[in-house]
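Since the structure comes first, as structure tokens, the remarks are kept for the end.
In the working numbering, the protein residues as written are 211 to 490.
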């Protein structure tokens, strides 16, 4: 997600890094200017091609504000996951004391402040985008004083996103992952019901029928409060062989997911290496 956000920002620069100098208030200037030369001296990639468009539109700012808002939304979603993962009910991770605060009432409580503020400030980023869009939605050509309202939301969003990125980078670097708790949760046999259906498909059972058979097994497990991997599966249907329970190994489930993008150990290690090289 964040890599795509970075790519969007880089792509947006192609459209905004052009010089409007010489466009005047409407129809350019009667004084001959070396617009291309001035643009090059100032570090622009080129010049705007239409003076009215250069003065009237702020789509390039709206585009940047959209990308910033989307990046904020992605970070907000990550923050929500981390809040859940760091809760006592999940306990998949723990944030450092530097990125949490204590409760004014409950001594045992750690408040995930950075995550919660990231969610909150994302609303600010989205609001800045809406601010600009509403400001320009009914403007006639060319320049109107309303366009003075383009800069405050842009500057605020840039500063806010920089702060969010910096603090989240520190928080994630200092975060502790509780691997045993993650592994225990991922080892819930119910999570591998689809793998059980795939097992039947590999035995020649049509997937629709395999889905029905596994559904019956799941219903029985729930009704009898028996873990799915402890059911007598062959008694439910002879399509289940004695090796059916091998499906309920987390390691086996991961090893079977070798398609590009899937979470086999080999794939994950390769992806980590790719990102380490990319970020070096």
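Note that CB positions come from ideal geometry on N, CA and C, so glycine has one too.
Query	Result
Could you give the uninterrupted runs of the alpha helix (DSSP H) lying entirely in the region 440-475, keeping only those of 4 residues or more?	443-446 and 460-465
Using a 10 Å radius around the Cβ and a threshold of 16 neighbouring Cβ atoms, would you call residue 308 buried or exposed?	exposed
What does the alpha-carbon distance come out to for the pair residue 421 and residue 321?	43 Å
Answer with buried or exposed for residue 374, where buried requires no fewer than 16 other C-beta atoms within 10 angstroms of its C-beta.	buried
Skipping 5 residues on each side, what residues in its chain have a beta carbon closer than 7 Å to that of residue 232?	238, 239, 243 and 245
Buried or exposed: which applies to residue 438, given that a residue is buried once 16 or more other Cβ atoms fall within 10 Å of its Cβ?	buried
Starting from the Cα of residue 461, find the closest Cα among 454, 474, 449 and 470 and give me that residue.	474
Can you give the beta carbon distance from residue 310 to residue 323, rounded, assuming they're within the 8 Å contact cut?	6 Å
If contact is defined by three or more beta carbon pairs under 8 Å, each pair taking one atom from either stretch, is the region 352-371 in contact with the region 394-414?	no
Indicate whether residue 367 and residue 335 have their beta-carbon atoms separated by less than 7 Å.	yes
Give the list of continuous beta strand (DSSP E) stretches no shorter than 3 residues that lie fully inside the region 296-329.	none
Alpha helix (DSSP H) containing residue 417: first to last residue?	417-434
Terminal residues of the continuous alpha helix (DSSP H) containing residue 365?	361-384
Could you tell me which of 295, 401 and 300 sits nearest to residue 428, measuring between CA atoms?	401
Need the endpoints of the alpha helix (DSSP H) that residue 245 sits in, please.	245-252
Leaving out the 5 sequence neighbours to the left and right, which residues in its chain are closer than 6 Å to residue 289 when beta-carbon positions are compared?	325, 328 and 329
Can you check which of these residues, 485, 229 and 266, is closest to residue 257 by C-alpha distance?	229
What residue from 316, 417 and 345 has the CA that sits closest to residue 269's CA?	345
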